[in-house]
Amino acid sequence: MTDQAVDTDGVRLSSQRAAKIDFLGRARELKELRADIERAGLDTLSGRKAPRARVLLIAGRPGSGRTALAEELVRQVAGRYPDGVLRARLSEPDGTPVPLERTTRDLLAALDVQAPAGASEDDLCEALRAALAGRRTLLLLDDAAGAEQVDALLPDAPACLVVAVSGGPLTGIPDVRPCTLGGLDTKSSVELLARYTGSVRITVDPRSAESLAESCQGQPAALTLAGGWLASRPQAAVSDLAKRMHTDAEDGAGPLARVFRLVHDQLPGQAARILRLLSLAPAGLVDPHTASALAGCSVAAARAALDDLTAFGLLRAVDSPLPEYDVPGCLHPLLRARAGAQERPAELQLARARMLERNVRLLQSCRAITETDSPQAREKLQEVPPALRFPTPRAAAEWLRVRRPALLAAARLAVADGELDTLARRLMSQLVRALVAHFGTQAAAPDLYGLHGMVLDVAERRGLHRERAAALLNLADLDARTGRTRAALARYRAALDAGREANDPYATGRAMESVGGAYQELGDHDRAADWFGRALAERLARGERTEAARLYGRIGTAHTYAGRYGEALRNWRAAAAGYRKEGDVAAHARALSELARIQEYAGRPEESLRTCQEAVEWARRAEDLRLQAALQLRVADTLDRLGDHAAAQLHRATAGRMLGERPPEDGKGPEPGKEACEIRSPSDED
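Just so you know, the sequence shown maps onto residues 35 to 720 in my numbering.
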């Protein structure tokens with residue numbers, strides 16, 4: 035069961051997770067930071083109301099415990115901010131700044147504010163400020179790379195508080211006093227060691243413990259690794275490690291690098307290799323499958339190794355419903371350097387490919403579990419290895435939700451070298467399909483927008499016209515679904531140009547039809563009919579009769595909206611004839627239904643009645659009960675207009691029986707467009 039992607043009950047916690055321990059030391063820093071919250075700002079001293087939130091800055095090198103101090107401060111003062119705490123990490127583990135668009139979206143999502151996909155950074159920042167207006171919220175902004183990142187996220191709400199964590203001062207943000215961290219005091223350093231080693235070894239040799247704390251310069255990350263090393267070796271004396279640290283100090287490396295080297299070199303071979311390869315983990319987030327794929331070992335072996343590395347302090351267990359671990363940012367450059375020195379470039383490339391391939395297969399399984407209504411899908415799902423199989427759709431959705439940041443980071447990694455190789459394409463495709471299958475297009479739109487945007491960026495830089503056309507079409511579809519029709523129209527036109535450059539008839543035809551659809555949405559029915567006609571000519575030239583019949587219908591609809599019923603009738607007749615030739619009975623029935631509707635608009639009720647009765651017969655052949663019912667209601671309405679109310683009542687009763695409803699007592703049925711007939715009158719649509 036440990037090899038499964040998700041257990042059968044959906045979620046579970048890692049059995050080896052470290053328990054949360056109390057915060058150590060930093061009493062002076064905490065007192066100063068808390069006092070700084072109440073300090074009168076420059077605006078207050080000058081008699082003006084503070085326009086923005088107060089910013090507290092904790093500055094220190096990676097490994098100095100700056101994030102831990104920020105979290106402890108947040109814990110102590112969170113009660114003053116009843117609207118909650120928001121957290122954002124502003125840098126990737128390798129130090130790359132996180133794009134502002136991604137950060138603002140995550141913060142808005144935490145506030146349950148839906149921001150439109152594709153919105154600009156300025157619009158998203160404005161939406162964030164609007165969402166925070168009037169609130170008492172605390173923002174923790176970790177690993178800030180510069181003042182610009184923090185400044186863009188500052189709420190225009192004096193009642194809010196921002197705690198920023200950075201490597202140095204954030205010049206450019208006024209009225210900020212940085213709290214600069216050094217090492218822990220000796221007492222706190224020794225106590226931190228004792229939490230790993232136990233009190234006995236510290237009590238019997240307090241001088242060695244103090245010497246070790248001094249060699250680590252009170253740096254919490256170095257002390258944690260030292261304590262983990264001692265905890266794994268109950269027979270080792272504290273003095274042994276203190277002497278080794280003192281000797282190694284002669285090479286000029288920092289305390290964290292020295293203790294990391296010692297811990298790494300004494301790890302078992304497979305564990306050390308897994309640790310090095312974790313420098314390739316997307317976003318620094320690791321689960322057993324990621325470690326398994328990177329090292330080429332079993333999931334169970336990877337899980338055991340990750341738990342052991344966590345006990346050493348080399349990883350942090352993430353508070354997550356699934357087993358997941360975080361690579362500390364301070365260790366990332368050390369891991370990357372070790373991997374570069376001890377692994378061949380070809381092996382690193384292969385490990386990366388294995389990891390991406392594992393993600394592809396997990397995403398395939400994650401999507402396939404939603405398609406079990408199909409016998410073919412069930413058969414295909416049985417071919418998936420048990421280690422990659424999800425027991426239920428709920429378990430798959432939970433895995434996708436938890437692993438979403440890492441999966442999106444994997445997609446960015448796949449195209450980071452500016453290529454769109456087969457593996458990158460497959461990963462992008464499976465991630466898009468899994469997100470849509472579990473969350474729907476609307477909910478997943480921001481992520482989909484980012485994925486298609488990555489493909490577009492690579493395609494434009496590499497001159498890949500076919501991929502550029504596909505990405506533009508996908509982005510335009512998202513624009514259209516979120517109401518930005520003019521933006522969609524511009525992208526569809528650009529996709530048409532790219533499709534022509536690539537000599538891709540599918541992209542060209544789809545872009546033409548989509549341009550027509552955008553014009554129709556904008557109410558320009560003449561241009562809509564013209565572009566549908568161009569797309570129709572493309573389909574006819576390639577002999578695609580079913581698609582041509584569909585386009586005849588779209589042209590007919592555009593003419594109907596424009597009030598040109600003669601043209602509309604001609605095109606819907608062509609659509610009905612095309613579907614009939616192709617043997618599509620259901621589509622033929624629907625086309626006849628539309629034809630009858632337009633005949634009625636054109637003032638030809640007798641013709642409409644005959645066509646509608648013919649459509650009923652074809653709908654019966656298609657076994658489409660809802661369409662039959664809608665057509666019966668349309669026949670009833672037409673008979674009412676012709677004065678045959680008794681016959682109309684019979685048809686309404688028939689429709690009611692088909693839909694499992696009692697006929698209305700007032701003799702009137704529901705409006706035809708409200709039941710099964712999907713296309714309404716032009717006035718209804720407008």
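Even for Gly, the Cβ is constructed at its ideal location relative to N, Cα and C.
In summary, Gly617 is exposed, with fewer than 16 beta-carbon neighbours lying within 10 Å of its beta-carbon over all protein chains present.
Inside the segment 102-154, DSSP marks whole beta strand (DSSP E) runs of 3 or more residues at positions 119-123, from first to last along the chain. In this chain, the beta strand (DSSP E) harbouring Val89 covers Arg88 to Ala93. Ranked by Cα distance from Ala167, the first of Gln398, Leu195 and Ala179 is Leu195. In the three-state reduction of the DSSP assignment, Thr171 falls in the coil class. Judged by DSSP in its simplified three-state form, Asp274 adopts helix.
Per DSSP, the beta bridge partners of Leu195 are Arg88 and Leu172. Annotation for Cys400: the continuous alpha helix (DSSP H) segment containing it runs Pro379 to Ala402. When DSSP states are grouped into helix, strand and coil, Ser200 belongs to the strand group. Contact between the segment 340-347 and the segment 104-118 is absent: fewer than three C-beta pairs spanning the two stretches fall below 8 Å. Around the beta-carbon of Ile71, fewer than 16 other beta-carbon atoms lie within 10 Å, marking it exposed. Counting only residues of its own chain and dropping the five nearest sequence neighbours on each side, Leu349 has a CB closer than 6 Å to the CB of Leu343 and Tyr359. For Leu309, the three-state secondary structure derived from DSSP is helix. Burial state of Arg525 is buried, judged by a 10 Å Cβ sphere holding 16 or more other Cβ atoms. Thr519: member of the alpha helix (DSSP H) spanning Thr519 to Glu535, first to last residue. Annotated as distal: Arg598 and Leu585, with beta-carbon spacing of 8 Å or more. Secondary structure at Asp177: strand, using DSSP grouped into helix, strand and coil. Take the alpha-carbon of Glu501 and the one of Val132: they are about 26 Å apart. Going by DSSP, Thr214 is part of the beta strand (DSSP E) stretching over Pro212 to Thr214. A direct Cα-to-Cα measurement between Arg460 and Ala421 gives close to 20 Å. Residue pairing by DSSP places Ala351 opposite Tyr359 in a beta bridge.
When DSSP states are grouped into helix, strand and coil, Leu626 belongs to the helix group. Leu124 is a Cβ neighbour of Asp177, given a cutoff of 8 Å.
The DSSP-derived three-state label of Leu556 is coil.
As a beta-bridge residue in DSSP terms, Val320 pairs with Tyr359.
Selection Leu187, Ala563 and Ala181 evaluated against Leu158 yields Leu187 as nearest (Cα-Cα). Using a Cβ-Cβ distance cut-off of 8 Å, the segment 134-148 and the segment 90-104 are not in contact, since fewer than three pairs of beta carbons, one from each stretch, lie closer than that value.
If you ignore the 5 residues before and after Leu693, its C-beta comes within less than 6 Å of the C-beta of Ala663, all in its own chain and listed in chain order. Shown here for Glu244: same chain residues with a beta carbon closer than 7 Å to its own, the five before and five after excluded, namely Thr220 and Val224 in chain order. Distance between Arg607 and Glu453, taken at the CA atoms: about 48 Å. Secondary structure of Val184 (DSSP, three-state): helix. In this structure, the straight-line span from the alpha carbon of Pro357 to that of Thr205 is close to 39 Å. Here Asn393 has Leu441, Ala444 and Leu461 as same chain residues with Cβ atoms under 7 Å from its own Cβ, once five neighbours each way along the sequence are excluded. Nearest in C-alpha terms to Glu555, of all of His593, Ala541, Ala514 and Tyr540, is Ala514. Closest in alpha carbon position to Ala620, among Gly497, Asp481 and Glu651, is Glu651. Straight through space, the alpha carbons of Phe424 and Arg386 are spaced by roughly 24 Å.
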